[in-house]
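For reference, the structure discussed in these notes is given below.
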Amino acid sequence: MSAGTPASGDAAARASEAVARAAELSRALTERLAAARAQIATETPEEKPPADASAHGPRLVVDAAGGMAGAGADEAQRAHTASLIRRFTERTRTSKELAQQHRSVLADSRAVVGFRDATKEMLYPVAARSAHGPRLVDVDGNTYTDITMGFGALLLGHEAEPVTEAVRRHLADGLRFGPRSPDTGEAAALLASLTGMERVAFASSGTEANSAAIRLARAATGRDKVVMFRGSYHGHIDSVLGRPGGPGQHAVPVSRGIPDSAVAELIVLEYGEQESLETIDALGDTIAAVLVEPVQCRNPGLRPVEFVRSLRELTARRGIVLLFDEMLTGLRPHQRGAQDHFGVVPDLATYGKALGAGFPIGAVAGRADLLDGVDGGFWRYGEPGGPARETTFIGGTYMQHPLSMAAARAVLTHLTERGPGLQSGLNDRTQALADRLNAFFRDEEFPLELAHFGSMFRFRHRADLELLYHHLQLRGVYVWEWRSFYLSTAHTEEDVNRVAEAVEGSLRELRDGGFFPRSAPRPGAAVKPVDAPRPAPDFGVYFFGDYPEPETGESAGADRAGTPEAYDALFETVRFADEHGFSSVWLPERHFDSFGGLFPNPSVLASVVARETGRIRINAGSVVLPLHDPVRVAEEWSVVDNLSGGRVGIGCATGWHARDFALHPDRFADRRRIAFDHLDEVRRLWRGRRCGGVRARARRRRSGSGRVRRRRSRRSSWRPPGSRPRTRRRPGAVSGSSPT
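Mind the numbering: the sequence shown is residues 497 to 1236 in the numbering used here, read in order.
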């Protein structure tokens, strides 16, 4: 035992020493780590560059103290802004009250877009009460020409008749949510036919469609990386909400709440740049899809045709899926969307907006082998086999919503029937607006231009112009917070002129308020005279006689006029005129030639025309005033005025000959005096004055206290009966008009 004691003691000593050294090393490491953390904490971290709001999705950060009316504004500019705020908030008082009333419970990013201290009193969405065609009415009763058009979804205008009728027809038999709608397959076939694609899958939104398309591309290629371009927007899924700024070519999130991992496989490049093609080529074996918004909604002037064609060749060569996001360009500039402009067919394309005419919808269309990733591909009943391809997960409760399918089928059917000329005419109308306003901007030295593609457009500023958009709304043009605008097939030349005049008037008013002063004219500069533009003629439809059969005369005419076919022909003519931009339809009053003819009462027929049309002006051509109580004329036409949304004109006549006066033959001799007396009364009633006096004069009842409820405030038109000078002079004396 004694021999072993020294060895045991040495071992214990060595163990104690080892423990002490380990403890010392642990303390040293702990101190060094603490020092390193302290140093990192005191150093300024490298900041990520801020997102460019105009180029990276729906984030907009502005200087709250800046803007046209901010700290740099002078006294005149501040006074102008104060007046603008007062007028704007008085006009839209109820919209502002609604925004404030619900702010504590409704979380709404739209209500704070572009917040600035100086203009925050005007920062609220305008709430609408009704809409039809190119116009809407807000909750305060103000009427607007709409150039927001459902953020691009309303290619055919508000409440387009084909869509409204299709949805009404579907709902007549119940919503039927759950079973497959018969409209679904028809809508898919129509979309494939119009766009040249092979297969179609539906989604409930554009964001979902893009998400599904990216997943299909990754499943088909076995790759993960996705390339998109700066300035594009592809919805609010995390995986596409990135911007340049990460290590190498990778993206970083555009906002809080999006983890770095969500955009780890996203690469954001410059659109239209040769260097971007080189990067894609270098990374080709790792890229599943290149996601392209062919014409970016926030930069419609950027249309790099050769770049996109080179991209098509490159992606095909490297086995990369070329994916067009046609949410806004799909169906709008052409039936084939941006494909037609670029001469490029992508592997996949996503659609929405115009496809649903305001109903929530998205669609993925493209090569059959890629879409087979949804359901495994084509197979037949009664034959061996089934779905042959592997699938990825695609699903959603509302992806084939029956109302969206009914709307989509109606839109696609209408576009198919009308052909490419429908979009071509709309593109021309937008081009005319751009030409007019850009010439005005140049001539008047305003720092902006109108850029457009097809019928979508945007004002590009070389200076802050936030107040312009409030002025536009004061002048009856509805704009939204993100300032991308659209015309629809419901907009007439009159509507477009109204928009142009509002822009011009708004800018002049801003100049009067001290903004954008003109530079001094050059001494001795010659001014080239400009020929005054001549307005293009308007076309209208004028029904005149009662149209008897030429072979058999009056009696046959009565039989023919009483048939539904005669009215069908009339309504077909009116609908054609309404759809093809005619300005007006005129409906006569006839009580002679044949009893029971087509036109015994123009207001009755006009009320039907009001519901069959959406934009054409409906004129009485003409009411024979000596035959009627003025109260009845005003009341009946106020009904038509309300049914049509304010599209009424009342043409009045004294009557031509004795046969006109079948209802009151005793009034023929004194017809002129009676006509002008009644005209004065109709005009008075139309201006909203009380109507008791006429009733008292007629001794039918006690004086009433009602008012005519009309939509329009403009005066009736006066149509003289013939060539008598004194009768033709009279309309001018009462501020009327006289068609010739």
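Idealized CB from N, CA, C, for every residue including glycine.
Can you give me the start and stop residues for the beta strand (DSSP E) that Gly858 sits inside? 858-862
Roughly how many whole angstroms lie between the Cα atoms of Arg1107 and Pro790? 39 Å
Can you check whether the CB of Arg794 is closer than 8 Å to the CB of Val764? no
Would you kindly work out how many angstroms separate the C-alpha atoms of Gly833 and Ile733, rounded to a whole number? 24 Å
Between the region 889-906 and the region 656-673, can you find at least three pairs of beta-carbon atoms closer than 8 Å? yes
7 Å CB neighbourhood of Pro1019 in its chain, flanking five on each side removed: Note that Pro1019 scores a pLDDT of 48, beneath 50, so its modelled location is shaky; the value from the coordinates is reported in the next line. Within the same chain, Pro1019 has no close Cβ partners at all.
Near Arg606, which residues of its chain fall below 7 Å by C-beta distance, leaving aside the five closest residues on each side in sequence? Pro621, Glu977
DSSP on Gly629, reduced to helix/strand/coil? strand
Near Ser677, which residues of its chain fall below 6 Å by C-beta distance, leaving aside the five closest residues on each side in sequence? Pro898, Met901
If the criterion is Cβ atoms closer than 8 Å, does the pair Pro1292 and Arg1163 meet it? The chain is shown from 497 up to 1236; residue 1292 falls before or after that span and cannot be answered.
Assuming Asp634 contacts Arg625 (C-beta within less than 8 Å), just tell me the rounded distance between them. 6 Å
Would you kindly work out how many angstroms separate the C-alpha atoms of Arg711 and Ile783, rounded to a whole number? 13 Å
Going along the chain, which unbroken runs of the beta strand (DSSP E) with 3 or more residues stay wholly within the region 608-653? 624-628, 631-634, 639-642
For Phe855, list the residues DSSP reports as bridge partners. DSSP lists no partner for Phe855.
Do Thr577 and Leu867 have their C-beta atoms closer together than 8 Å? no
Who are the Cβ neighbours of Ala998 in its own chain at under 6 Å, not counting the five residues just before and after it? Leu968, Arg971, Val973
On the CB-based measure, 16 or more other CB atoms within 10 Å of its CB, does Ser1015 come out buried or exposed? exposed
Straight-line CA distance for Ala1062 to Pro856? 40 Å
Here's a check: name, in chain order, each residue in its chain whose Cβ is nearer than 8 Å to the Cβ of Pro658, leaving out the five neighbours to either side. Leu652, Ala906, Val907, Thr909, His910
Evaluate Ser1140 with the Cβ neighbour count: other Cβ atoms within 10 Å of its Cβ, from every protein chain shown; 16 or more gives buried, anything less gives exposed. buried
So who's on the other strand from Val764, going by DSSP bridges? Met724
Ala716 versus Gly869 - alpha carbon distance: 7 Å
For the region 1096-1128, list the beta strand (DSSP E) runs that are entirely contained and at least 3 residues long, ordered along the chain. 1113-1120
Go through its chain and collect everything with a Cβ distance to Pro740's Cβ below 6 Å, but skip five positions before and after it. Val764
Using only alpha-carbon positions, find the residue among Thr680, Leu818, Ala778 that is nearest to Tyr894. Thr680
Does the Cβ of Thr1287 have 16 or more other Cβ atoms within 10 Å, making it buried, or fewer, making it exposed? Residue 1287 cannot be examined here, being either before or after the span of the chain that is shown, 497 to 1236.
Tell whether a beta-carbon distance below 8 Å holds between Arg695 and Ala864. yes
Suppose contacts are defined by Cβ-Cβ distances below 8 Å. Is Val1129 in contact with Val1081 by that definition? no
Among Ser772, Asp781, Arg956, nearest to Glu945 - alpha-carbon criterion: Arg956
With distances taken Cα to Cα, identify the nearest neighbour of Val558 among Ala1165, Asp960, Leu818. Asp960
Enumerate, from N- to C-terminal direction, the unbroken beta strand (DSSP E) stretches of 3 or more residues contained entirely within the region 915-970. 944-949, 952-957
How big is the Cα-Cα spacing for Ile1170 and His830? 56 Å
Would Ser1002 pass as a contact of Met645 if the rule is Cβ separation under 8 Å? no
Is it right to say Trp1133 is buried, meaning 16 or more other beta carbons lie within 10 angstroms of its own, or is it exposed? buried
Presumed contact (8 Å Cβ cut-off) between Glu735 and Leu779, rounded CB distance: Per the sequence shown, the amino acid found at residue 735 is Ser instead of Glu. Not confirmed; about 17 Å, so no contact.
Among His1174, Phe953, Ala845, nearest to Leu933 - alpha-carbon criterion: Phe953
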